[in-house]
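Engineer: Before anything else, here's the structure in question.
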Amino acid sequence: TSRKPREDEKDGQAYKFVSRSEMEADIKAGKYLEHGEYEGNLYGTKMDSILEVVQTGRTCILDVNPQALKVLRTSEFMPYVVFIAAPELETLRAMHKAVVDAGITTKLLTSWANMERHPARIHQVFVKCHFDYNPYNDNLIPCKEAGLKFSKGEILQIVNREDPNWWQASHVKEGGSAGLIPSQFLEEKRKAFVRRDWDSSGPFCGTISSKKKKKMMYLTTRNAEFDRHEIQIYEEVAKMPPFQRKTLVLIGAQGVGRRSLKNRFIVLNPTRFGTTVPSFNPAGLIAHQEQFVLHIR
Numbered sequence: 513t514s515r516k517p518r519e520d521e522k523d524g525q526a527y528k529f530v531s532r533s534e535m536e537a538d539i540k541a542g543k544y545l546e547h548g549e550y551e552g553n554l555y556g557t558k559m560d561s562i563l564e565v566v567q568t569g570r571t572c573i574l575d576v577n578p579q580a581l582k583v584l585r586t587s588e589f590m591p592y593v594v595f596i597a598a599p600e601l602e603t604l605r606a607m608h609k610a611v612v613d614a615g616i617t618t619k620l621l622t623s624w625a626n627m628e629r630h631p632a633r634i635h636q637v638f639v640k641c642h643f644d645y646n647p648y649n650d651n652l653i654p655c656k657e658a659g660l661k662f663s664k665g666e667i668l669q670i671v672n673r674e675d676p677n678w679w680q681a682s683h684v685k686e687g688g689s690a691g692l693i694p695s696q697f698l699e700e701k702r703k704a705f706v707r708r709d710w711d712s713s714g715p716f717c718g719t720i721s722s723k724k725k726k727k728m729m730y731l732t733t734r735n736a737e738f739d740r741h742e743i744q745i746y747e748e749v750a751k752m753p754p755f756q757r758k759t760l761v762l763i764g765a766q767g768v769g770r771r772s773l774k775n776r777f778i779v780l781n782p783t784r785f786g787t788t789v790p791s792f793n794p795a796g797l798i799a800h801q802e803q804f805v806l807h808i809r
């Protein structure tokens, strides 16, 4: 963090205290998994701090924003993700109101955008296919010979995703050269297309029909039915060597007990689990800030 340490705080325990200029430079360089600002002070979790715990042979426990999973889901970190159930809706509303009334505002910024500006930090992308594809049966592909045939359940390595409609990919097991496959956007659009229903009722025995388009409004009472029809195209996966997970990520709403659970893991088994020491810049703190629970450690 970039805030000034209190009298009872030591550098490297609860926080690593650095200057604001140093922290801003590291954020710009894409060295932070995520970072935020509160009352003029920067807070964040560095990528290197995770590796420091992993290199000691322990599993690093993190309670982070869900967006950080875009960065963590790689063979370098191999996260095991735990979603912590939220309390009742009214309890969440009361907690949110308490935060708003206290004047606490937190801005979370995941460093994914920074990583896109630093290709060296972007890892290989692998996907599991949830449909069969043969380019010779595809009327939309610009060149059938350049297409890549695959079956449901196969793992592909994505080589290039710059084109919005056609990605370049190769088989993981078979190897070989890359070929074209439909992008997530194109295949979702194609599979979501529904032909109009024909209404053949009328005095002409169906020789002349009127087109009617079915309308279906989304109802919260039927959300389970809509969820069952969710289209699955590609599922991003990570190439994992056969050994223990390096990180344990706790995901949940603010106040559900992520930090308590994390601390309990470490206390019960300190040789197996560890956690990062967040970075913090000097500036004054108001009284209620001492009670502020920041969930971007």
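Numbering (my numbering), first residue to last: 513 to 809. C-beta: ideal position from N, C-alpha, C; glycine also.
Comparing C-alpha positions only, which one of GLY552, ASN553 and GLN567 sits nearest to MET559?
Structural biologist: If we check each option's Cα against that of MET559, GLN567 comes out closest.
Engineer: May I ask you to report which of helix, strand or coil DSSP gives PHE529?
Structural biologist: Here PHE529 sits in coil by DSSP.
Engineer: Hey, does ASN553 have any beta-carbon neighbour from chain D nearer than 8 Å?
Structural biologist: As a matter of chain content, chain D is missing from the structure shown, which is built from one protein chain.
Engineer: Throw me the rounded Cβ distance for the LEU660 and ILE693 pair, which I believe falls under 8 Å.
Structural biologist: Right, their Cβ atoms sit about 5 Å apart.
Engineer: If you compare alpha carbons, which of GLY769, SER663, GLN696 and GLN669 is closest to LEU676?
Structural biologist: Rather than Leu, the amino acid found at residue 676 in this sequence is Pro. Residue GLN696 is the option with its Cα nearest to PRO676.
Engineer: According to the Cβ coordinates, are LEU668 and SER682 closer than 8 Å?
Structural biologist: Yes, Cβ-Cβ distance for LEU668 and SER682 is below 8 Å.
Engineer: So for ASN672, helix, strand or coil by DSSP?
Structural biologist: In this structure, ASN672 counts as strand in the three-state DSSP scheme.
Engineer: Tell me the rounded alpha-carbon separation between GLY691 and ARG673.
Structural biologist: Taking the straight line from one Cα to the other gives about 12 Å.
Engineer: Around the Cβ of SER721, are there at least 16 other Cβ atoms within 10 angstroms (buried) or fewer (exposed)?
Structural biologist: Any reading at SER721 must be qualified, since the residue scores a pLDDT of 47, below 50, and its modelled position is unreliable; the value itself is stated next. SER721 comes out exposed.
Engineer: Specify whether the region 519-539 and the region 563-578 touch according to this definition: at least 3 beta carbon pairs, one from each stretch, less than 8 Å apart.
Structural biologist: Touching, no.
Engineer: What separation, rounded to the nearest whole angstrom, lies between the Cα atoms of PHE738 and TYR746?
Structural biologist: Note that PHE738 scores 47 on pLDDT, short of 50, meaning its location in the model is unreliable and no value can be drawn from it.
Engineer: So who's on the other strand from SER682, going by DSSP bridges?
Structural biologist: Paired residues: GLN669.
Engineer: Can you name the start and end residues of the beta strand (DSSP E) that GLU700 belongs to?
Structural biologist: Run containing GLU700: none in the beta strand (DSSP E); it sits in the alpha helix (DSSP H), 696-704.
Engineer: According to DSSP, is ALA690 part of a helix, a strand, or is it coil?
Structural biologist: Reduced to three states, the DSSP call for ALA690 is strand.
Engineer: Out of TYR555, ALA750, LYS751 and ARG532, which one is the CA nearest neighbour of VAL789?
Structural biologist: Of TYR555, ALA750, LYS751 and ARG532, the residue nearest in Cα terms is TYR555.
Engineer: Quick check on this structure: which residue in CYS641, TYR592 and LYS758 has the alpha carbon closest to the alpha carbon of ILE664?
Structural biologist: With the sequence shown as reference, residue 664 is identified as Lys, and Ile is not the correct amino acid for it. Among CYS641, TYR592 and LYS758, the Cα nearest to that of LYS664 belongs to CYS641.
Engineer: May I ask you to report which of helix, strand or coil DSSP gives PRO647?
Structural biologist: PRO647 falls in the helix class under three-state DSSP.
Engineer: Buried or exposed: where does LYS758 fall if 16 or more other Cβ atoms within 10 Å of its Cβ makes it buried?
Structural biologist: LYS758 should be labelled buried.
Engineer: Output yes or no for whether 8 Å exceeds the beta carbon distance between VAL761 and LEU584.
Structural biologist: Contact flag set, yes.
Engineer: Compare the C-alpha of GLU549 against each of ILE763, TRP679, ARG515 and ILE562 and name the closest.
Structural biologist: Of ILE763, TRP679, ARG515 and ILE562, the residue nearest in Cα terms is ARG515.
Engineer: On the three-state DSSP scale, how would you describe THR719?
Structural biologist: Summary for THR719: the model assigns pLDDT 46, below 50, so the residue's position carries little reliability; its value from the coordinates is reported in the next sentence. In this structure, THR719 counts as coil in the three-state DSSP scheme.
Engineer: Per DSSP, what are the beta-bridge partners of ASP575 in this structure?
Structural biologist: LEU762.
Engineer: Can you name the start and end residues of the alpha helix (DSSP H) that PHE662 belongs to?
Structural biologist: Where PHE662 is concerned, there is no enclosing alpha helix (DSSP H), given that its DSSP letter is neither H nor E.
Engineer: Decide if PRO782 is buried, meaning its Cβ has at least 16 other Cβ atoms within 10 Å, or exposed.
Structural biologist: Exposed, because fewer than 16 other Cβ atoms sit within 10 Å of the Cβ of PRO782.
Engineer: Where do the N-terminal and C-terminal ends of the beta strand (DSSP E) with VAL639 fall, by residue?
Structural biologist: Where VAL639 is concerned, the enclosing beta strand (DSSP E) stretches over 637-641.
Engineer: For PHE589, which three-state DSSP category applies?
Structural biologist: Coil.
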